[in-house]
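> One structure is given below, represented as structure tokens, and several questions about it will come after.
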Amino acid sequence: RLSYYNEYKSYLRMDSQLKSYKRRLNEATNSLLDNYNAIISSLKIDDETRLTATNQSFQDSYEVNVRCTNIIKTSESLLHLISNLKEALIFQDFPSINEGVASQKSLLERERNVMNSECNKVKEEMQVLLYEMESAYYSDNV
């Protein structure tokens with residue numbers, strides 16, 4: 009029961025985190041779109057303005073700068089969100105990590121077995137050669 013409860017609790021935590029990521033993504037995307045639309049609308053020329061052309065130009069320039077700053081902040085927020093998603097994927101994807109470790113382990117075990125068999129072959133060849141050398145040496149000396 010405790011294992012099931014812990015798994016359920018983990019699922020709820022992950023589900024809550026995913027909902028939070030989706031909400032942050034939607035907010036950031038909407039903010040980017042709103043700021044971009046505001047920049048585009050501020051660049052339209054209005055003939056019926058009460059402000060002088062110079063004042064209107066300064067006001068439009070200031071608004072564009074503010075909106076660009078908002079876009080940059082939102083983009084940085086999106087980059088941070090992407091970083092959080094990558095971390096979550098890395099830290100919560102234990103089955104994939106375990107599978108990678110298991111495959112690496114089996115690969116290394118196969119290589120070890122091949123090396124052991126090669127070493128055994130070399131050992132047997134050396135034993136045969138040593139025996140032949142000893143028998144040749146002792147037969148010449150006798």
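Here the sequence shown is numbered in the numbering used here, starting from 9 and rising by one per residue. Even for Gly, the Cβ is constructed at its ideal location relative to N, Cα and C. Values in this document were obtained by computation on a predicted structure and should not be read as measured data.
The alpha helix (DSSP H) with residue 97 in it runs from where to where?
Against the sequence shown, residue 97 aligns to sequence position 89. Taken as a continuous stretch (DSSP letters only), the alpha helix (DSSP H) holding residue 97 covers 61 to 100.
> Compare the Cα-Cα distances from residue 67 to each of 79, 82, 49 and report the closest residue.
Here residue 67 is taken as the residue at index 59 of the sequence shown, counted from 1. Residue 67 has its Cα closest to that of 49, out of 79, 82, 49.
> Taking Cβ to Cβ, would you say residue 46 is nearer than 8 Å to residue 75?
As a first step, residue 46 is located in the sequence shown; it is residue number 38 there, counting from the start. As a first step, residue 75 is located in the sequence shown; it is residue number 67 there, counting from the start. Cβ distance < 8 Å, so residue 46 and residue 75 count as in contact.
> Are residue 40 and residue 90 closer than 8 Å when you measure CB to CB?
Here residue 40 corresponds to residue number 32 of the sequence shown, with the count starting at 1. Here residue 90 corresponds to residue number 82 of the sequence shown, with the count starting at 1. No. Outside cutoff.
> Quick check on residue 43: buried or exposed, where buried means 16 or more other Cβ atoms within 10 Å of its Cβ?
On the sequence shown, position 35 is the one that residue 43 refers to. When all chains shown are included, residue 43 counts as buried.
> In this structure, does DSSP put residue 52 in helix, strand or coil?
To locate residue 52, count along the sequence shown from 1; it is residue 44. Three-state DSSP puts residue 52 in coil, outside helix and strand.
> Tell me, to the nearest whole angstrom, how far the beta carbon of residue 22 is from that of residue 100; I am working on the premise that it is less than 8 Å.
Position 14 of the sequence shown, counted from the first residue, corresponds to residue 22. Position 92 of the sequence shown, counted from the first residue, corresponds to residue 100. About 7 Å separates the two Cβ atoms, so the contact holds.
> Among 30, 73, 111, which has the Cα closest to the Cα of residue 51?
Here the question's residue 51 lines up with position 43 in the sequence shown. Closest option to residue 51, Cα to Cα, is 73.
> Roughly how many whole angstroms lie between the Cα atoms of residue 117 and residue 149?
For this step, residue 117 is matched to residue 109 along the sequence shown. For this step, residue 149 is matched to residue 141 along the sequence shown. Whole-angstrom Cα-Cα distance: 47 Å.
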